[in-house]
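Chains as they are written, first to last, in the working numbering: chain A, 1 to 323; chain B, 324 to 598. Glycine is no exception: its CB is placed at the ideal position from the N, C-alpha and C atoms. Computed from a predicted model, the values in this text were never measured in an experiment. Input: a single structure, listed below in structure tokens.
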């Protein structure tokens, strides 16, 4: 469906001016190779600045790569970027082109610009607004809506008119659970009824685990892993995540706790440890019994998540969202 | 495209292996020029509901203010009065068409909003012409109001005021085309704003004041500003016996500048959309 080979893009270094430091050269995508299959929901996961959006902009014909090729449904997008608009629908992070339109006109105009005639555009508009629960606010300008509602209206504009590939860059940002569910069921319906393929950009690990068929993990412009969420998690199956929250200070006078400290990632009162199951059992026994228990506020024991995979692969997970 | 109906897709991950050797898939339809231009025009026009004050009122207040101010130094019914009234009226077109449109496209480009249009199969000319047309339309009430108010204030005949029906679209094409081109070519939104402001200032300073008192260098500069030809055409029609050939000539210059600047803007759009 979509084949990416050796895609690279380097942003040139910016020379510092008075008062503003320069930035060094950045390899936003570094020799990226991917295959997206027809009908799957494929995810790009990584923290801010990992190169997800740059990669997507190259796939949608918005940016020319320095090297490499992008082929979507047999069309060379690097050579013919204008064809991308006739194959895919793109939801970017910006809504400034639609901000001053009403929800209804934003969807209708987008449908018309996607080549539909007036009657079809209006029928599609009504169907999509109904599907996403936007009919009640159809007459309001996007600018006057809350962030989540505005994002939902942009999703409506992206979904209007049929496309084989949907490229969605963080579609559910700022949405409440009801709106999120509406988006995912609308996406699922397009896949089931029309065989649409979805390329999803996210930095939300929970979302990635629940909606994606396969996921490519990006770090500093490189694909560091690509598999199903379950397949990726198997890589760290031998580990258990232990989280300890101390009341005030960790009881470092307990020798077992002091020993654990070297392996913990500390953030405020919270310690996160990745341990083998046997070690985890011992650690939990230590902190829940004896002197350490008095200092303990809370603890959790969990099987690994995609965040753990990301860390195990050597990524810097600080920009990932767990909600 | 591998043609597999949804029914045969496995229920797990719905991915299916790619069919080999089927060649390139059929592309979706292209949006044709006129329907998509109409859609962009209509969408842009509707923005006036949300941004009514900057798009419709500010320019009119400014021009009416200039008329009142100039009434103190220019005699009613005089030759100079024609230029003051014509200049203030065309200034509305310069403010909205050139200045505001340059700002709009500058901001759209700077914020990444152009991506929305660039990922739709719409001809660049449709986006540029639709937006420029809408901005030219925003100037109609303000220009007409300024012209009527000016005629009353300076005691000028209103018999030929219908010429605005030609001046507004043609000066609008020239100035909005220029505004769109500047907005899309400026590397940063602040520069687009600055260029739009400068263009409007030029139209103000060189359009409202009568040309015969200007030094040669300034008069040459005045000839370079497209709004001048709109002002000249309109001012001419206040005469007892207007020279219609001259009016037509001036309007033709506006039309020519309009065609060239809109073409440049469409080219600049294409360039700005794919980086």
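Quiz item: Does the region 240-260 of chain A come within contact of the region 71-88 of chain A, defined as at least 3 CB pairs closer than 8 Å?
Solution: no
Quiz item: Going by the beta-carbon positions, is the gap between residue 34 (chain A) and residue 14 (chain A) smaller than 8 Å?
Solution: no
Quiz item: What are the boundary residues of the alpha helix (DSSP H) that includes residue 222 (chain A)?
Solution: Looking at the DSSP string, residue 222 (chain A) is not in any alpha helix (DSSP H); the run it does join, the beta strand (DSSP E), is 222-227.
Practice problem: Give, in chain order, every residue of the region 435-464 of chain B whose Cβ lies closer than 9 Å to some Cβ of chain A. | Solution: Hits within the stretch, in order: 435, 436, 437, 438, 439, 440, 441, 442, 443, 444, 445, 449 and 450.
Practice problem: Quick one: grab the DSSP three-state call for residue 590 (chain B). | Solution: helix
Exercise. Pull up the distance between the alpha-carbon of residue 194 (chain A) and that of residue 423 (chain B), whole angstroms please.
Key: Going by C-alpha positions, residue 194 (chain A) is about 43 Å away from residue 423 (chain B).
Exercise. Figure out for me which residue from A:135, A:146, A:203 and A:85 has the closest Cα to the Cα of residue 158 (chain A).
Key: Ranking A:135, A:146, A:203 and A:85 by Cα distance to residue 158 (chain A) puts A:85 first.
Quiz item: Looking at C-beta atoms only, is the number of pairs between the region 420-439 of chain B and the region 566-574 of chain B that lie closer than 8 Å three or more?
Solution: no
Self-check item: Rounded C-alpha distance that separates residue 344 (chain B) from residue 163 (chain A)
Solution: With a pLDDT of 45 at residue 344 (chain B), under the threshold of 50, the modelled position of that residue is not reliable, and no figure is offered here.
Self-check item: Contacts around residue 592 (chain B), its chain only, beta-carbon distance under 7 Å, and the 5 residues preceding and following it disregarded
Solution: Excluding residues within five positions, the ones whose Cβ falls inside 7 Å are 447, 450, 451 and 507.
Quiz item: For residue 542 (chain B) versus residue 476 (chain B), is the C-beta distance shorter than 8 Å?
Solution: When the beta-carbon positions are compared, residue 542 (chain B) and residue 476 (chain B) stay at least 8 Å from each other.
Self-check item: Option in B:534, B:549 and B:595 with minimal Cα separation from residue 523 (chain B)
Solution: B:549
Quiz prompt | Length of the line joining the Cα atoms of residue 10 (chain A) and residue 503 (chain B) | solution = Near 30 Å, if we compare the C-alpha coordinates of residue 503 (chain B) and residue 10 (chain A).
Self-check item: Distance between residue 443 (chain B) and residue 215 (chain A) (C-alpha atoms, nearest Å)
Solution: 27 Å
Practice problem: Anything in chain C within Cβ reach of residue 87 (chain A), meaning under 8 Å, just list it in chain order. | Solution: Any reference to chain C falls outside this structure, whose protein chains are A and B.
Quiz item: Can you name the residues of chain B whose CB is closer than 7 Å to the CB of residue 100 (chain A)?
Solution: 370, 373 and 374
Practice problem: Please decide whether residue 230 (chain A) counts as near chain B, where near means a Cβ-Cβ distance under 8 Å. | Solution: Taking 8 Å as the CB threshold, residue 230 (chain A) stays off the interface with chain B.
Quiz prompt | Spatial distance of residue 330 (chain B) from residue 499 (chain B) (CA atoms) | solution = Residue placement at residue 330 (chain B) is flagged as unreliable, the pLDDT there being 40, under the threshold of 50; the coordinate-derived value follows with that caveat. Spanning the two alpha carbons is a distance of roughly 52 Å.
Exercise. Report the option in B:370, B:467, B:483 and B:410 whose CA atom is closest to the CA atom of residue 525 (chain B).
Key: Sorting B:370, B:467, B:483 and B:410 by C-alpha distance to the C-alpha of residue 525 (chain B) places B:410 at the top.
Quiz prompt | chain A contacts made by the region 563-592 of chain B, where a contact means CB separation under 9 Å | solution = none
Quiz item: How about residue 309 (chain A) and residue 222 (chain A): are their beta carbons less than 8 Å apart?
Solution: no
Quiz item: Does DSSP put residue 30 (chain A) in a helix, in a strand, or in coil?
Solution: strand
Quiz prompt | Span of the beta strand (DSSP E) around residue 42 (chain A) | solution = 41-45
Quiz item: Hey, is residue 531 (chain B)'s beta-carbon within less than 8 Å of any beta-carbon in chain A?
Solution: no
Quiz prompt | Own chain, CB closer than 6 Å to residue 458 (chain B), minus 5 neighbours either side, in chain order | solution = 419, 420, 424 and 499
Practice problem: Tell me where the alpha helix (DSSP H) around residue 263 (chain A) begins and ends. | Solution: Counting along the chain, residue 263 (chain A) falls outside any alpha helix (DSSP H), and DSSP gives it neither H nor E.
Exercise. Name, going along the chain, the residues of the region 63-95 of chain A whose beta-carbon falls closer than 8 Å to a beta-carbon of chain B.
Key: When C-beta distances to chain B are compared with 8 Å, the residues of the region 63-95 of chain A below that value are 63, 64, 73, 74, 75, 81, 82, 83, 84, 85, 86, 87, 88, 89, 90, 92, 93, 94 and 95, in chain order.
Quiz item: Along chain A, in chain order, which residues have C-beta atoms closer than 8 Å to that of residue 597 (chain B)?
Solution: Contacts between residue 597 (chain B) and chain A, judged by CB atoms closer than 8 Å, involve 61, 62, 63, 64 and 81 in chain order.
Quiz item: In chain A, what lies closer than 7 Å to residue 285 (chain B) by C-beta?
Solution: Because chain B in this structure spans residues 324 to 598, residue 285 (chain B) falls outside the shown range and cannot be described.
Quiz prompt | Closest by C-alpha distance to residue 24 (chain A), when choosing among A:12, A:180, A:61 and A:31 | solution = A:12
Self-check item: Bridge partners - residue 72 (chain A), DSSP secondary structure assignment
Solution: A:2 and A:75
Quiz item: Apart from the five residues just before and just after residue 387 (chain B), which ones in its own chain have a Cβ nearer than 8 Å to its Cβ?
Solution: 411, 468, 469 and 472
Quiz item: So, are the CB atoms of residue 440 (chain B) and residue 97 (chain A) less than 8 Å apart?
Solution: yes
Quiz item: So what's residue 17 (chain A) in DSSP terms, helix, strand or just coil?
Solution: strand
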